[in-house]
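In the working numbering, the protein residues as written are 34 to 725. The beta-carbon is built from N, C-alpha and C at its ideal position, and this holds for glycine as well. Before any comments, here is the structure.
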């Protein structure tokens, strides 16, 4: 077996280098909407080398509340939730150990979200082991760990945020050591410098790690992924590193054995030997990074080693897409290009996860990474824990059939069985966890369990903001999640009600169409189920829209006017809506508009098929959706149990009326639900009523 070589003795071996220059996707606006608070994403149609113009830094919404970052990492660490489901643990001392210390919190076995009440340096006498389901959150303070580093051993779901780790000494001293067999880890906004061994190691079969917005400096060997050619278990390693600054670190930005690594939008400057090294069987995608050389010019290098279960040596491979090379940085050698072996490349990022945010490598990105990486003076957000003595709130991320991560939440009675289940379908550009909090809490106090889901591209779910390529996929996501909730043992036999708002009303009606006998009723607030006559487009316009969508589905050309002043009557509610970071207020993609139009036309033609019990509510002065839409639904639906409530003088957002008027709406909804949840059978036929 060939002995491993040192980094200083690296030799060039055949490697794949596939240069795909970035190009702005013509389907997207060159200028992002200023109100787009969630990270822009690749669509399924885009190739990995296709780079839409976006805001420069991701994670705009993770500081909106204490736990908002859970499950929000891009890349392989996207499932890391840290201590999402645990209590908040306060570090009250800078002592290495004892009550109130960081070490005491990290070794506990229960989930914890660890925050700091003190700033300063914690001098560690030994490595600090972090157990599973922990978030170590340094926001709001400046905390430095010195002497030893953080050990993530045989753990999962760990988030490290906004820490400084420096000055580590001793054998095998790494600032952050992830081994063995750890997974679902996110390291974000950490400053790592000056350690005896490495700054960050991912080895011994650890996997599904994201490192973002970190600063690596004052060090020799920065990042090691895969420690030895003997460790063939490292074939499972998957790591994403993005929006990081490697500031004068000598080598290993990173060095990789076996693993699959995605590097994007990083800035590496002034290395001493090389920037990125691909060793035995590794595959690295380097996408839209900035490499600025100092004295040493070579960016990529390849090291040949023999895996323990192979008969011959091999190096790794690097695919460069849209990288920017400055100050004479050399991307590859002619030999690399001549001997590239396409057949040995099987790592496609979009097959592992999607979407992710990325932007062309530029001087603007370089300047941003110089100032916005590593520890940042950001405040500690409020804990938006909605649990109270009578309401139990939970969040969870699920993955749909298209490998898109969706945010779900639930509100349940704390100490009693719910009398029925209510499933929320929110409207376009909206979300559930913040917008529906008051409504859900009110329904829980009336005895119901409430479940919500953020549609793809909405709220805290992944996907391009408000991009709806296929409305039936949205319906399928809701159906799959809602039915899985209903199928839980504790929920079997309970009545099931849909709660649809505006576009969510369409989703509710389509869920009923999909399973006509499954749902026990629906509450529909200003549902989108018909295009009003004065807004109906000519068939020629519809055909033209379809053709344009086929060419440019993601073209963000349709503005959403600032209609909050026309939707919410209560000025205080307007302020709340504007402060919600999860609500989208940019331009709507063309394809989304086409899907909404076609769904409305389809539902309008089939209103007679609506047979479930329903209550439709509409503000009489709603200028967003015409009240006549709800009247038509009430008149044409075949349901024998239907009610229409029109509220003269009220607007589109009925729950954003002045408190006394919103109370009327809540009372009507709860009364209607109670009548149907508390009886053994549906209300008798022919009970349709309309009132104003």
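For residue i, the three-state DSSP class (helix, strand or coil)
i	result
residue 471	helix
residue 555	strand
residue 445	strand
residue 100	coil
residue 286	coil
residue 422	coil
residue 493	coil
residue 666	helix
residue 723	strand
residue 167	strand
residue 538	helix
residue 714	Unreliable placement is indicated for residue 714, whose pLDDT of 41 sits below 50; the coordinate value is still reported in the next sentence. Coil, per DSSP.
residue 458	strand
residue 439	strand
residue 266	helix
residue 281	coil
residue 329	coil
residue 486	strand
residue 95	coil
residue 706	helix
residue 295	strand
residue 245	strand
residue 466	coil
residue 633	helix
residue 162	strand
residue 700	helix
Bridge partner(s) assigned by DSSP for residue i
i	result
residue 744	No answer is possible for residue 744: it lies beyond the span of the chain, which begins at 34 and ends at 725.
residue 179	156, 199
residue 675	647
residue 351	317
residue 311	289, 335
residue 498	Answer is none; residue 498 lacks a bridge partner.
residue 652	680
residue 240	216
residue 194	170, 221
residue 563	DSSP lists no partner for residue 563.
residue 431	439
residue 533	458, 557
residue 258	235, 289
residue 658	Beta-bridge pairing links residue 658 to no other residue.
residue 453	481, 528
residue 579	Note: residue 579 sits in no beta bridge, so no partner.
residue 323	300, 357
residue 547	In DSSP, residue 547 forms no bridge with anything.
residue 117	Its beta-bridge partners do not exist; DSSP assigns none.
residue 589	622
Cβ-heavy atom distance, residue i to the ligand GTP, below 7 angstroms
i	result
residue 350	With respect to small molecules bound, the structure shown includes none, and the ligand GTP cannot be examined in it.
Residue i at chain B interface by Cβ criterion, 8 angstroms
i	result
residue 665	In the displayed structure, chain B is absent; only one protein chain is listed.
Residue range of the alpha helix (DSSP H) that includes residue i
i	result
residue 385	382-385
residue 135	135-140
residue 504	504-519
residue 397	396-405
residue 274	Here residue 274 belongs to no alpha helix (DSSP H); instead the beta strand (DSSP E) covers 271-275.
residue 640	No alpha helix (DSSP H) contains residue 640, which DSSP labels as neither H nor E.
residue 187	Counting along the chain, residue 187 falls outside any alpha helix (DSSP H), and DSSP gives it neither H nor E.
Endpoints, the beta strand (DSSP E) within which residue i is located
i	result
residue 223	Element bounds for residue 223: n/a, residue is neither H nor E.
residue 209	209-211
residue 413	Unbroken run through residue 413: none, as it is neither H nor E.
(message) Is it the case that the segment 594-610 contacts the segment 687-699, given that we only count it when at least three CB pairs across the two stretches are under 8 angstroms?
(response) yes
(request) May I ask you to verify whether the segment 456-463 touches the segment 419-429, counting CB pairs closer than 8 angstroms and requiring at least 3? (result) no
(message) With three or more beta-carbon pairs closer than 8 angstroms as the criterion, would you say the segment 432-446 touches the segment 485-503?
(response) yes
(request) Specify whether the segment 207-224 and the segment 239-259 touch according to this definition: at least 3 beta carbon pairs, one from each stretch, less than 8 angstroms apart. (result) yes
(message) Check whether the segment 391-409 and the segment 109-123 touch, using three or more Cβ-Cβ pairs below 8 angstroms as the test.
(response) no
(message) Using a Cβ distance threshold of 8 angstroms, determine whether the segment 323-342 contacts the segment 306-314, with at least three qualifying pairs required.
(response) yes
(message) Would you call the segment 255-270 in contact with the segment 336-355, where contact means no fewer than 3 C-beta pairs closer than 8 angstroms?
(response) yes
(request) Decide yes or no for the touch test of the segment 134-153 against the segment 268-282: beta carbon pairs closer than 8 angstroms, at least 3 of them. (result) no
(request) Examine the Cβ distances between the segment 282-297 and the segment 313-323 and report whether three or more of them are shorter than 8 angstroms. (result) yes
(message) Does the contact criterion of 3 or more C-beta pairs under 8 angstroms hold for the segment 646-656 versus the segment 618-627?
(response) no
(message) Which complete alpha helix (DSSP H) runs does the segment 592-628 hold, if anything under 4 residues is left out?
(response) 597-600, 604-611
(message) Below 8 angstroms, how does it come out for the segment 536-548 and the segment 458-478: are there three or more Cβ pairs, yes or no?
(response) yes
(request) Pair every Cβ in the segment 103-116 with every Cβ in the segment 403-416, then say whether three or more of these pairs are closer than 8 angstroms. (result) no
(message) For the segment 504-518 against the segment 543-560, do three or more pairs of beta-carbon atoms, one drawn from each stretch, fall closer than 8 angstroms, so that the two count as touching?
(response) yes
(message) Measuring CB atoms only, is the segment 188-203 touching the segment 161-172, in the sense that at least three cross pairs come out at less than 8 angstroms?
(response) yes
(request) Inspect the CB distances between the segment 622-639 and the segment 700-711 and report whether three or more fall short of 8 angstroms. (result) no
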